[in-house]
Amino acid sequence: MDLIANHITHRFADLAVLDDVSFTVSAGEVVAIVGPSGCGKSTLLSILGGLLLPTSGAPELRGAPPADSLNPLTFVFQDFALLPWANVEENVEFPLLHTQVSAAQRRALVDDALRRTGLTDFRKAYPKQLSGGMRQRVGISRALAVRPAILLMDEPLSALDSQTRELLMEDFVRLLADGGMGAVYVTHNLEEAARLADRIVVLSRRPGRIREVVSVPMTRAERGEIAAREKLLALQNQIWSLIRNEAIDAEREVQHA
Amino acid sequence: MLDRAPAGTSAKDELVRRVRFRGAGFVPASSRFGGWIALALVIAIWQAAGSTGLVNPLFLPAPSAIARAIYQLAISGALWQHLSASLLRIGVGWLLGTAAGVAVGFAIGLSRLARSVGITFISALFPIPKIALLPLLILWLGIGEEPKIATIALGVFFSTAISVYSGVDAVPRNLIRMAQSFNVPFATIVRKVVWPGALPAILAGFRITSSVALLLVVSAEMIGAQYGIGAFVLQAGNLMQTDQLLAGVVILSVFGLMVGRVINWLETRLLHWR
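Chains as they are written, first to last, in my numbering: chain A, 692 to 948; chain B, 10 to 283.
Below, the structure is given as structure tokens:
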């Protein structure tokens, strides 16, 4: 199943946020979206995932999702969005409660998702008892439980410390390799984008337009090797040079706001 | 060489001083038994003042006289007669007001139409002292139990509705968006996200409405009732039986404390995740 951003334009009242953004995320492909602060990255993701109606244009799906997918487009949120009154197991089970799967299937899906994210021993813990990294693992586990075709990830690591971020990035690499899932990965962190994405969509300053689409010429497995670091760094520098001046302008704009 | 002294000074000659503790930011804390000890102390002073004749028992009977009055009320059966009448009014009135308040509060919290209509009416009617409506309610409902129960229900309704829709408003929107992103149906979102999310505010509302109910039952019983703690207190006051009057007040205080304990228990059971 492909996800298509078809000429998406969006305004909040008088404020133009996105301007004619079009690209396609093919099945199994990971596309990162980067750009200066306030360029509309998260707004674009909300539109792609059906949580916000665009002013014009539309998000579209091409082809059928995998037969076992219970929620083809599934979000992983920056703030985890966990139910604080539910334990880990209940949080992961939550999106399955209204589906047609039997109780036994539901248990199996939850068990599998918890195992894949290393949460089996924490299934009875409540969110307040977990670290930020573990909370995001619960968010990822919940997303995996519904067998998504495409993960929509909104800065999933930005609320975490650098060590936890590194560990979760390794998890993402493994999960993306295992599951055959595609992903749209919104981030301001160019290292994450270069490490995880097949293609990087660079947006301009508000109103966000596609400035360039950069392909990452390595497999994700190769990117973990020391020899690849120089190439990845060069790629990050290339993208940074594209957005640096606009990022400075955007920061000044925020400060003056 | 991090411990090297600055140039030109001798480390041995410098006076070593401990850094003074300057505070940890006014952390609120209370001692476990402090409140009980203070209460016991006040009662002891009160008793001593009564026993030594420092205070006229007609104006302020000693705690032992109040305890005796409660005991006599209990063995004569009058305590239960008055208490059961008040409990029935409070129970029925609170349940009716709470049920209606929860329903209207949720409607206001979840529906744009209900919000625009409901908040207008609540803003207009909430400030009215509900006891002022008792004569009107007597006119409408007769002189039986109904107007007293309706007065309590009205008082409870407005506070409950306000706490419920405030609680619904306070449910983090990101949780609702999360549920919507998984195509969770509206009814399930209300049951599994909005209700538990609003529960802390709802239980806090219960704490307020139980006090409102107590206040209104006493007021209503003072205006027009033969039995009930409010009627008993008024009658004792008219007869200058201050020990009986204060016995009624103590019973009201104990009842309020018990309701508070029940709400504490509910919070511990239902909000253990906080």
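Every residue gets a Cβ at the ideal spot worked out from N, C-alpha and C, and that includes glycine.
Check                                                                                                                                                                                         : Outcome
Just to confirm my understanding: we take Ala159 of chain B, look at its own chain, exclude 5 residues before and 5 after, and list those with CB closer than 7 Å. What are they?             : Leu146, Leu150
Ignore the nearest five residues each way along the sequence and tell me which others in Arg798 of chain A's own chain have a CB closer than 6 Å to its CB.                                   : none
Work out the CA separation of Gly214 of chain B and Trp45 of chain B for me, nearest whole Å.                                                                                                 : 26 Å
For Leu184 of chain B, which residues in chain A fall below 7 Å Cβ to Cβ?                                                                                                                     : Ala772, Leu774
Taking Cβ-Cβ distances below 9 Å as the criterion, which residues of the segment 165-191 of chain B are in contact with chain A?                                                              : Pro181, Asn183, Leu184, Arg186, Met187, Ala188, Gln189, Ser190, Phe191
Quick one: list the residues of chain B neighbouring Asn762 of chain A, beta-carbon separation under 7 Å, in chain order.                                                                     : Phe191, Asn192
Rounded to the nearest angstrom, what separates Asp862 of chain A and Gly809 of chain A at their Cα positions?                                                                                : 10 Å
Mind checking if Thr277 of chain B is an interface residue toward chain A, Cβ cutoff 7 Å exclusive?                                                                                           : no
DSSP three-state label for Arg71 of chain B, please.                                                                                                                                          : It is worth fixing the name first, because residue 71 of chain B is Ala in this sequence and not Arg. If DSSP states are grouped into helix, strand and coil, Ala71 of chain B belongs with coil.
Please report the straight-line C-alpha distance between Met692 of chain A and Leu842 of chain A, rounded to a whole angstrom.                                                                : 12 Å
Indicate whether at least one CB of chain A lies closer than 7 Å to the CB of Pro209 of chain B.                                                                                              : no
Alpha carbon to alpha carbon, what distance is there between Val907 of chain A and Trp931 of chain A?                                                                                         : 15 Å
Contact between the segment 864-874 of chain A and the segment 714-724 of chain A is defined here as three or more beta-carbon pairs at a separation below 8 Å; is this criterion met?        : yes
Using the Cα positions of Ile137 of chain B and Ser172 of chain B, report the straight-line distance between them to the nearest angstrom.                                                    : 17 Å
Determine the contact status of Gly830 of chain A and Leu851 of chain A, defining contact as a CB-CB distance below 7 Å.                                                                      : no
Would you mind telling me which residues of chain A sit closer than 7 Å to Pro205 of chain B, beta carbon to beta carbon, in chain order?                                                     : Trp776
Can you list, in chain order, the residues of its chain with a C-beta nearer than 7 Å to that of Ser60 of chain B? Leave out the 5 residues immediately preceding and following it.           : Ala71
Assess contact between the segment 731-745 of chain A and the segment 692-703 of chain A, defined as three or more Cβ pairs (one per stretch) separated by less than 8 Å. Is contact present? : yes
Buried or exposed, going by whether 16 or more other CB atoms sit within 10 Å of the CB of Asn778 of chain A?                                                                                 : buried
Residue ranges of each beta strand (DSSP E) run of no fewer than 3 residues wholly in the segment 224-249 of chain B, ordered along the chain?                                                : none
Tell whether a beta-carbon distance below 7 Å holds between Pro898 of chain A and Val725 of chain A.                                                                                          : no
Near Ala912 of chain A, which residues of its chain fall below 8 Å by C-beta distance, leaving aside the five closest residues on each side in sequence?                                      : Val864, Ala868
Which two residues bound the contiguous beta strand (DSSP E) that contains Gly873 of chain A?                                                                                                 : 873-877
Spell out whether any CB of chain A is found under 7 Å from the CB atom of Trp282 of chain B.                                                                                                 : yes
Label Leu933 of chain A either buried or exposed according to how many other C-beta atoms from any shown protein chain fall within 10 Å of its C-beta, with 16 as the threshold for buried.   : buried
Measure how close the beta-carbons of Val792 of chain A and Leu800 of chain A come, nearest whole angstrom, since I'm counting them as under 8 Å.                                             : 7 Å
The alpha helix (DSSP H) that contains Asn697 of chain A, what's its start and end?                                                                                                           : Per DSSP, Asn697 of chain A belongs to no alpha helix (DSSP H); it is in the beta strand (DSSP E), 693-703.
Would you list, in sequence order, the uninterrupted beta strand (DSSP E) runs of no fewer than 3 residues that lie entirely inside the segment 822-891 of chain A?                           : 841-845, 873-877
Quick check: the segment 47-63 of chain B against the segment 229-242 of chain B, are at least 3 beta-carbon pairs closer than 8 Å?                                                           : no
What in chain B is Cβ-close to His789 of chain A, meaning under 7 Å?                                                                                                                          : Val193, Pro194, Thr197
When the Cα atoms are used, what is the spatial distance from Met10 of chain B to Arg27 of chain B?                                                                                           : Annotation note: pLDDT 48 at Met10 of chain B (below 50); position unreliable, no value reported.
Phe766 of chain A versus chain B: which residues are under 9 Å apart at the beta carbon?                                                                                                      : Arg186, Met187, Ser190, Phe191
Anything in chain B within Cβ reach of Pro786 of chain A, meaning under 9 Å, just list it in chain order.                                                                                     : Met187, Ala188, Ser190, Phe191, Asn192, Val193
Within 7 Å of any Cβ in chain B, is that where the Cβ of Tyr876 of chain A sits?                                                                                                              : no
Which residues, in order along the segment 727-761 of chain A, keep a beta-carbon less than 7 Å from a beta-carbon of chain B?                                                                : Gly740, Leu742
When the distance is taken between beta carbons, is Leu773 of chain A closer than 7 Å to Asn762 of chain A?                                                                                   : no
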